[in-house]
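Peer 1:
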Amino acid sequence: MDNPYVPLLFLMGIGAVLALGGVGASRILGPQRYNRAKLEAYECGIEPTPHAIGGGRFPIKYYLVAMTFIIFDIEVVFLYPWAVSFAELAFFGLAAMMAFLVVITVPFVYEWKRGGFEWD
Numbered sequence: 697m698d699n700p701y702v703p704l705l706f707l708m709g710i711g712a713v714l715a716l717g718g719v720g721a722s723r724i725l726g727p728q729r730y731n732r733a734k735l736e737a738y739e740c741g742i743e744p745t746p747h748a749i750g751g752g753r754f755p756i757k758y759y760l761v762a763m764t765f766i767i768f769d770i771e772v773v774f775l776y777p778w779a780v781s782f783a784e785l786a787f788f789g790l791a792a793m794m795a796f797l798v799v800i801t802v803p804f805v806y807e808w809k810r811g812g813f814e815w816d
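Everything in the sequence shown is counted per our numbering, starting at 697 for the first residue and increasing by one.
(1) In this structure, how does DSSP classify ASP769 when only helix, strand and coil are distinguished?
(2) Exposed or buried, what is LEU790 when buried is set at 16 or more other beta-carbons lying within 10 Å of its beta-carbon?
(3) With H, G and I counted as helix, E and B as strand and the rest as coil, what does DSSP make of TRP778?
(4) Inspect the beta-carbon positions of LEU760 and GLY812 and report whether they are closer than 8 Å.
(5) Locate the alpha helix (DSSP H) running through PHE813, then write down its first and last residues.
(6) Pair every Cβ in the region 798-807 with every Cβ in the region 763-779, then say whether three or more of these pairs are closer than 8 Å.
(7) Between the C-alpha atoms of SER722 and LEU716, what's the straight-line distance to the nearest angstrom?
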C-alpha cells in the first residue's frame, strides 16, 4: 500500500458498485407497468404535439439560453482560482486571463447579435 492512489481507486470502485447496483436493483425490483401514457413524451402537462409551432424547427432561443449558461459558468470556474492566486501568477497570469476573456467574449457577442438577451 505504498501507492497513495489505492484508497482513491478503492473509493471510486465502491461508488461505481453502489451507483450501478442501485440502478440494477430498481430495474429488477421496481414495478414494470408500462402503458401508452407513460411511454409518450411529457410536455409540462399539455397534450404533446408532433411538431413545433413554427413548422417543425426548434427555436434557437433554447440554444442561446444554454450557451449563455455555459459561457458564464465556465468563466466563473476559471476566474475564481485566477483571482485567488493572482499575486503568484504575475504578468503571465494576467495575459492568460485577458486572452481567455477575449475568447469568451466572442460567443457572448454572437449571442447578443442573435437576440439571446431579448425576453419577449
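The beta carbon of each residue, even a glycine, is placed where N, CA and C say it ideally should be. Here the structure is a predicted model, which is why all the values come from computation and not from measurement.
Peer 2: Once the coordinates are examined:
(1) For the purposes of this step, residue 769 is taken as the residue at position 73 of the sequence shown. In the three-state scheme derived from DSSP, where H, G and I count as helix and E and B as strand, ASP769 is classed as helix.
(2) For the purposes of this step, residue 790 is identified with residue 94 of the sequence shown, where counting begins at 1. So LEU790 ends up on the exposed side.
(3) The residue labelled residue 778 in the question sits at position 82 within the sequence shown. TRP778: helix per DSSP, three-state reduction.
(4) Position 64 of the sequence shown, counting from 1, holds the residue named residue 760. Position 116 of the sequence shown, counting from 1, holds the residue named residue 812. Contact flag set, yes.
(5) In the sequence shown, counting from the first residue as 1, residue 813 sits at position 117. Boundaries for PHE813: no alpha helix (DSSP H) harbours it, and the DSSP string shows neither H nor E there.
(6) yes
(7) Here residue 722 refers to the residue found at position 26 when the sequence shown is read from its first residue. Here residue 716 refers to the residue found at position 20 when the sequence shown is read from its first residue. Rounded to the nearest angstrom, the two C-alpha atoms are 10 Å apart.
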